[in-house]
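Comments concern the structure below.
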């Protein structure tokens with residue numbers, strides 16, 4: 316299998332080819348329809364996915380029952396609820412496909428087996444987890460230090476598929492602004508592109 320989705324492993328320089336082959340062979344191709352849930356609040360994650368094609372998001376419901384987008388998953392990224400999967404607890408998030416999605420699934424039990432068998436997979440896991448922690452921390456800080464316009468431009472730069480395919484309401488909740496504010500930001504960027 317030569318899917319680009321597996322770059323997530325291939326980018327780690329220490330895997331031997333036979334280790335990579337074994338890890339990749341352990342994945343199973345799955346397809347989700349637009350609007351289909353990958354993981355629902357209250358259920359336990361028993362696998363993670365590498366998104367090959369499509370766009371997905373995770374969200375929680377706030378104290379008023381409104382959906383707040385916590386993350387967008389774009390092609391070649393891992394769709395995972397780390398806490399639910401590794402602490403074996405029910406998730407607080409929902410993970411849903413914004414478009415039709417093609418994924419590669421790795422079951423928790425298979426992952427655990429490979430994790431104990433292949434020391435380089437443990438090293439990969441540590442490297443991946445620390446990168447995700449860095450990104451999460453960076454996003455948390457940017458919510459307070461960057462203007463809504465800059466946060467929007469950052470999202471446009473990092474994950475342009477989100478701007479293309481996700482509904483305005485989902486993007487606005489991810490950026491921590493109202494739909495109206497986001498519409499205004501988008502209009503301003505179109506009429507004054509150089510100002511920002």
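In this note's numbering, the protein residues as written are 316 to 511. Even for Gly, the Cβ is constructed at its ideal location relative to N, Cα and C.
Top-ranked residue by Cα proximity to residue 375, from 322, 493, 363 and 356: Taking the first residue of the chain shown as 1, we reach residue 375 at position 60. Of the listed residues, the one whose Cα sits closest to residue 375 is 356.
Please report how far the alpha carbon of residue 321 lies from the alpha carbon of residue 410, in whole angstroms. What you label residue 321 is simply residue 6 of the chain shown in a count that begins at 1. What you label residue 410 is simply residue 95 of the chain shown in a count that begins at 1. Cα to Cα, the separation comes out at about 21 Å.
Quick one: grab the DSSP three-state call for residue 352. Along the chain shown, read from residue 1 onward, the residue named residue 352 stands at position 37. Under the three-state reduction of DSSP output, residue 352 falls in the strand class.
Report the three-state DSSP secondary structure of residue 422 (helix, strand or coil). Here the question's residue 422 lines up with position 107 in the chain shown. In this structure, residue 422 counts as strand in the three-state DSSP scheme.
Top-ranked residue by Cα proximity to residue 340, from 439, 332 and 463: In the chain shown, the residue the question calls residue 340 occupies position 25. With distances taken between Cα atoms, residue 340 lies closest to 332.
Under DSSP, the beta strand (DSSP E) around residue 373 begins and ends at which residues? Within the chain shown, the letter at position 58 stands for residue 373. Taken as a continuous stretch (DSSP letters only), the beta strand (DSSP E) holding residue 373 covers 371-376.
If residue 372 sits next to residue 347, beta carbons under 8 Å apart, how far is it from one beta carbon to the other, in whole angstroms? Working through the chain shown from its first residue, we reach residue 372 at position 57. Working through the chain shown from its first residue, we reach residue 347 at position 32. A Cβ-Cβ distance of about 12 Å is found for the pair residue 372 and residue 347, leaving them out of contact under the 8 Å criterion.
Suppose the cutoff is 8 Å on Cβ atoms and the five residues either side in sequence are ignored; what does the same chain contact list for residue 429 look like? Looking up residue 429 in the chain shown gives position 114. Residues of the same chain with a CB within less than 8 Å of the CB of residue 429, apart from the 5 flanking positions on each side, are 337, 338, 341 and 436 in chain order.
Residue 467 classed as buried or exposed, judged by whether at least 16 other C-beta atoms fall within 10 angstroms: To locate residue 467, count along the chain shown from 1; it is residue 152. Under this definition residue 467 is a buried residue.
Based on DSSP bridge pairs, tell me the residues matched to residue 386. Sequence index remark: in the chain shown, residue 386 carries index 71 (1-based). Answer by DSSP bridge pairing, in chain order: 373.
Contacts around residue 360, its chain only, beta-carbon distance under 8 Å, and the 5 residues preceding and following it disregarded: Taking the first residue of the chain shown as 1, we reach residue 360 at position 45. The residues 354, 395, 396, 399, 400, 406 and 423, in chain order, have a CB closer than 8 Å to that of residue 360 in the same chain once the five nearest residues on each side in sequence are set aside.
As a quick exercise: from 393, 382 and 327, pick the residue whose alpha carbon is nearest that of residue 484. Here residue 484 refers to the residue found at position 169 when the chain shown is read from its first residue. Of the listed residues, the one whose Cα sits closest to residue 484 is 382.
How would you label residue 462, buried or exposed, when you count the other beta carbons within 10 angstroms and need 16 or more for buried? Residue mapping note: residue 462 aligns to position 147 of the chain shown, counting from 1. Only exposed fits residue 462, as fewer than 16 other CB atoms lie within 10 angstroms of its CB.
Less than 8 Å between the beta carbons of residue 442 and residue 327, yes or no? In the chain shown, residue 442 corresponds to position 127, counting from 1. In the chain shown, residue 327 corresponds to position 12, counting from 1. Result yes, Cβ atoms of residue 442 and residue 327 sit closer than 8 Å.
Proximal residues to residue 414 (C-beta, below 6 Å), its chain only, five neighbours per side dropped: Position 99 of the chain shown, counted from the start, is the residue given in the question as residue 414. Result list for residue 414: 349, 369, 370 and 480, in chain order.
Counting only the same chain and skipping the five closest in sequence on each side, list residues whose C-beta sits under 8 Å from that of residue 491. Along the chain shown, one-based indexing puts residue 491 at 176. For residue 491, where only same-chain residues beyond five positions count, the Cβ hits under 8 Å are 458, 463 and 466.
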